[in-house]
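What follows is one structure encoded as structure tokens, with my remarks underneath.
As structure tokens, this is what we get:
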């Protein structure tokens with residue numbers, strides 16, 4: 015019998031550095047490992063001593079792709095610690111910014127990183143020759159989502175306008191209306207791209223592994239900006255109780271902080287949100303979920319890609335509704351709320367494209383950060399990726415090494431991992 | 214023949230490479246001008262044969278140092294891409310502690326695993342030019358995508374890339390912004406390198422000098438202004454260190470040229 019060795023060093027078309035190692039002998043898996051050798055940057059250590067006004071700007075630098083979400087989780091933690099109340103308008107503008115990030119990130123992931131797998135190419139560049147019209151539509155949608163983020167945040171990556179208590183600059187009604195109109199006109203483009211993905215959805219492996227799904231939940235809406243923590247296994251929990259949900263722990267011979275809750279692992283991200291909050295999706299999002307046969311609870315991690323597509327429709331429709339609401343109530347030139355300093359601790363949670371994100375800060379009486387903890391979605395997913403691989407690998411050993419490699423790569427890519435973010439995850443094989 | 218370009222990243226948020234994708238349609242023009250032979254974030258194809266290496270991220274560990282040196286050996290031109298590569302990034306604030314202290318704060322219960330582990334070998338942030346020769350610098354956190362195109366085009370035409378060496382105040386005045394000092398805010402604009410279009414003050418934020426300082430900053434005068442407007446020595450130090458801890462730690466440390 016043959017031996018199989020798959021070693022993907024620095025997996026491509028994901029954010030950050032990750033390796034996949036598979037060794038199999040005589041049809042048996044000897045080793046399957048998802049490794050992350052990313053350098054630690056020590057955010058939770060170096061924010062100590064910095065003033066509350068800086069925290070969202072510093073921690074946005076944890077991740078370029080989710081910088082809006084990191085800023086918002088950071089602000090929510092700071093506002094909870096210092097007892098700062100924000101206006102209804104600020105809430106709505108933040109929700110819009112989060113939709114902007116969700117749109118740009120999902121379009122980038124599906125259009126630039128996943129589509130090449132579905133269409134049998136190594137990257138988006140060869141697709142320009144074979145699928146030019148579709149690529150240009152994806153670029154157009156990406157531009158629109160980015161310009162929406164520019165308008166709300168001052169720029170797409172590392173928001174400028176976000177401050178504790180509000181915005182340093184608010185968009186005008188005219189600018190919001192322009193985004194609204196452009197987005198309304200772009201919906202047919204989203205549908206055209208979705209059709210291409212639908213036509214090639216058969217390339218997504220039909221792998222299933224039931225797990226626990228965790229994300230924000232709310233009675234009022236498909237929760238992204240606010241809510242309680244929901245689990246498909248155990249129901250609702252308070253955000254402040256997050257440490258009992260994420261249960262960061264160490265395993266022997268590994269430096270990773272793993273997360274587990276009710277089982278050996280859990281999953282966060284678009285598919286988790288879909289499984290928890292399906293009923294609250296917008297009409298078009300539900301319609302497209304139906305076209306793909308995606309129903310809660312779906313236990314195929316590859317379908318996270320499709321859940322992201324469904325969320326693109328939801329974010330687009332909810333953006334239109336939010337802008338209408340903002341314009342009908344009139345956009346005011348508000349200043350951020352006044353801050354009265356006091357010592358305290360606060361936890362903030364938001365849903366970012368890759369799943370639920372927690373920031374937890376303690377401040378002294380002068381508003382200086384003394385302790386910080388950030389729990390990143392990709393960290394919460396790593397154990398689930400590992401267990402998926404362990405379940406999947408034995409079933410695909412009859413394929414060629416190239417196909418095995420692609421199947422495993424596509425699995426990791428489906429999670430849309432953001433490895434730079436996951437500051438703690440470092441799994442090392444110390445056996446020599 | 215088109216020059217071969219490769220992108221690499223070290224410790225960073227990868228937000229600077231994201232700005233390439235954010236060029237939208239223009240990225241197709243860039244792909245026409247140069248041959249992108251390696252760009253892990255967006256393509257599976259990879260080649261070790263390249264002319265221009267564009268590198269994001271700061272260098273944290275000996276293993277990163279080795280990888281950077283091997284890239285330097287292969288590349289004819291090496292570009293430091295963004296604040297992490299040019300200055301060490303915000304993570305350079307971590308250098309205020311020993312790597313042992315940082316490890317103990319972030320991984321409090323894993324001492325045995327960290328010991329003798331190359332992934333945790335004395336991590337502390339350094340800019341690229343503290344380890345290898347850097348030919349050109351593209352500053353900013355994140356980089357400005359339009360400046361990237363201007364620099365690339367200049368390189369292809371054999372011109373010196375046009376990176377401004379005047380303060381952000383110049384661009385802020387051109388934008389007709391009200392000076393932040395007059396409305397109770399404080400700003401690094403007088404000493405910070407321009408080129409961003411004063412994007413932060415224009416959006417109600419304060420400049421943090423993410424593009425580093427100009428070559429000859431009037432640092433003392435700026436410090437006096439910050440004092441005059443009521444900042445304590447700690448507050449002044451916070452402003453200067455957010456992106457420029459490099460200069461505070463080493464008075465002789467070079468500016469991005």
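Protein chains in written order, with my numbering: chain Y, 15 to 446; chain V, 214 to 470.
Note that beta-carbon positions come from the ideal geometry of N, C-alpha and C, so glycine has one too.
Quick one: is residue i buried, meaning 16 or more other Cβ sit within 10 Å of its Cβ, or exposed?
{"i": "residue 369/V", "result": "exposed"}
{"i": "residue 118/Y", "result": "buried"}
{"i": "residue 445/Y", "result": "Below a pLDDT of 50, predicted positions are generally treated as unreliable, and residue 445/Y, at 32, falls in that range; the measurement from the model is reported next regardless. Counting Cβ neighbours within 10 Å, residue 445/Y comes out exposed, since fewer than 16 surround it."}
{"i": "residue 396/V", "result": "exposed"}
{"i": "residue 227/Y", "result": "buried"}
{"i": "residue 284/V", "result": "buried"}
{"i": "residue 224/Y", "result": "exposed"}
{"i": "residue 390/Y", "result": "buried"}
{"i": "residue 277/V", "result": "buried"}
{"i": "residue 291/Y", "result": "buried"}
{"i": "residue 435/V", "result": "buried"}
{"i": "residue 266/Y", "result": "Caution applies to residue 266/Y, whose pLDDT of 44 falls short of 50 and renders its modelled position unreliable; the model cannot decide the point."}
{"i": "residue 261/V", "result": "exposed"}
{"i": "residue 359/V", "result": "exposed"}
{"i": "residue 328/Y", "result": "buried"}
Check the Cβ of residue i against every Cβ in chain V and list those closer than 8 Å, keeping chain order.
{"i": "residue 69/Y", "result": "Result: empty, since nearest Cβ-Cβ is about 11 Å, beyond 8 Å."}
{"i": "residue 183/Y", "result": "416 and 417"}
{"i": "residue 59/Y", "result": "307, 310, 314, 315, 318 and 319"}
{"i": "residue 126/Y", "result": "234 and 255"}
{"i": "residue 81/Y", "result": "226 and 228"}
{"i": "residue 65/Y", "result": "448 and 451"}
{"i": "residue 21/Y", "result": "Correct list: empty, because the minimum Cβ distance to chain V is about 14 Å."}
Could you tell me whether any Cβ in chain B is nearer than 8 Å to the Cβ of residue i?
{"i": "residue 221/V", "result": "In the structure shown, chain B does not exist; the protein chains are Y and V."}
Identify the contact partners of residue i in chain Y, using a Cβ-Cβ distance below 7 Å as the criterion.
{"i": "residue 412/V", "result": "168, 169 and 174"}
{"i": "residue 355/V", "result": "78, 171 and 172"}
{"i": "residue 231/V", "result": "78, 79 and 171"}
Residue i: beta carbon under 7 Å from a heavy atom of the ligand SAM?
{"i": "residue 260/V", "result": "As presented, the structure is devoid of all ligands, the ligand SAM included, so that no description of it is given."}
For a contact meaning CB atoms closer than 8 Å, what does residue i contact in chain Y?
{"i": "residue 273/V", "result": "53, 54 and 55"}
{"i": "residue 277/V", "result": "53"}
What does DSSP give as the partner residue(s) for residue i in the beta ladder?
{"i": "residue 218/V", "result": "249/V and 265/V"}
{"i": "residue 376/Y", "result": "359/Y and 385/Y"}
{"i": "residue 406/V", "result": "380/V"}
{"i": "residue 281/Y", "result": "227/Y"}
{"i": "residue 351/V", "result": "294/V"}
{"i": "residue 181/Y", "result": "176/Y"}
{"i": "residue 224/V", "result": "271/V"}
{"i": "residue 22/Y", "result": "34/Y"}
{"i": "residue 49/Y", "result": "33/Y"}
What in chain V is Cβ-close to residue i, meaning under 9 Å?
{"i": "residue 377/Y", "result": "Those within 9 Å of residue 377/Y in chain V number zero; the least Cβ separation is about 15 Å."}
{"i": "residue 77/Y", "result": "226, 227 and 228"}
{"i": "residue 136/Y", "result": "256, 257 and 258"}
{"i": "residue 24/Y", "result": "253 and 259"}
Residue i and residue j look like a contact to me (Cβ under 8 Å); what is the Cβ gap, rounded to whole Å?
{"i": "residue 127/Y", "j": "residue 133/Y", "result": "Between residue 133/Y and residue 127/Y the Cβ distance is about 12 Å, and since that is not below 8 Å, they are no contact."}
{"i": "residue 96/Y", "j": "residue 358/Y", "result": "6 Å"}
{"i": "residue 114/Y", "j": "residue 159/Y", "result": "6 Å"}
{"i": "residue 193/Y", "j": "residue 162/Y", "result": "5 Å"}
{"i": "residue 94/Y", "j": "residue 381/Y", "result": "Not quite, the Cβ-Cβ distance comes to about 14 Å (not below 8 Å), so this is no contact."}
{"i": "residue 374/Y", "j": "residue 387/Y", "result": "4 Å"}
{"i": "residue 273/Y", "j": "residue 261/Y", "result": "6 Å"}
{"i": "residue 319/Y", "j": "residue 124/Y", "result": "6 Å"}
{"i": "residue 295/V", "j": "residue 356/V", "result": "5 Å"}
{"i": "residue 427/Y", "j": "residue 80/Y", "result": "The pair is not a contact, with the Cβ atoms about 17 Å apart (cut-off 8 Å)."}
{"i": "residue 99/Y", "j": "residue 351/Y", "result": "6 Å"}
{"i": "residue 425/Y", "j": "residue 278/Y", "result": "That belief does not hold up - the Cβ atoms of residue 425/Y and residue 278/Y are roughly 17 Å apart, past 8 Å."}
{"i": "residue 238/V", "j": "residue 153/Y", "result": "6 Å"}
{"i": "residue 351/V", "j": "residue 288/V", "result": "Not quite, the Cβ-Cβ distance comes to about 15 Å (not below 8 Å), so this is no contact."}
Determine the chain Y residues that contact residue i at a beta-carbon separation under 9 Å, and present them in chain order.
{"i": "residue 336/V", "result": "53, 54, 55 and 56"}
{"i": "residue 379/V", "result": "In chain order: nothing, as chain Y lies at least about 21 Å away."}
{"i": "residue 442/V", "result": "Result: empty, since nearest Cβ-Cβ is about 15 Å, beyond 9 Å."}
Could you name the residues of chain V that residue i contacts, counting a contact when the two beta carbons are closer than 7 Å?
{"i": "residue 72/Y", "result": "303"}
Exercise for the section: Check distances from the C-beta atoms of the segment 138-172 of chain Y to those of chain V and list, in chain order, the residues that come in under 7 Å. Expected result: 138, 139, 142, 153, 156, 157, 160, 168, 169, 170, 171 and 172
Practice task
Select from the segment 237-266 of chain V all residues with a C-beta closer than 9 Å to any C-beta belonging to chain Y, and list them in chain order.
Solution key: 237, 238, 240, 241, 244, 249, 252, 253, 254, 255, 256, 257, 258 and 259
Problem - chain V contacts made by the segment 110-125 of chain Y, where a contact means CB separation under 9 Å - result: 118 and 122
Exercise for the section: Could you name the residues of the segment 340-353 of chain V whose beta carbon sits closer than 9 Å to any beta carbon of chain Y, in the order they occur along the chain? Expected result: none
Exercise for the section: Scan the segment 449-461 of chain V for residues whose Cβ lies nearer than 8 Å to a Cβ of chain Y and list them as they occur along the chain. Expected result: 451 and 455
Handout entry: Members of the segment 382-416 of chain Y near chain V, C-beta cut-off 7 Å
Key = none
Problem - Contact list for the segment 290-302 of chain Y against chain V, Cβ threshold 7 Å - result: none
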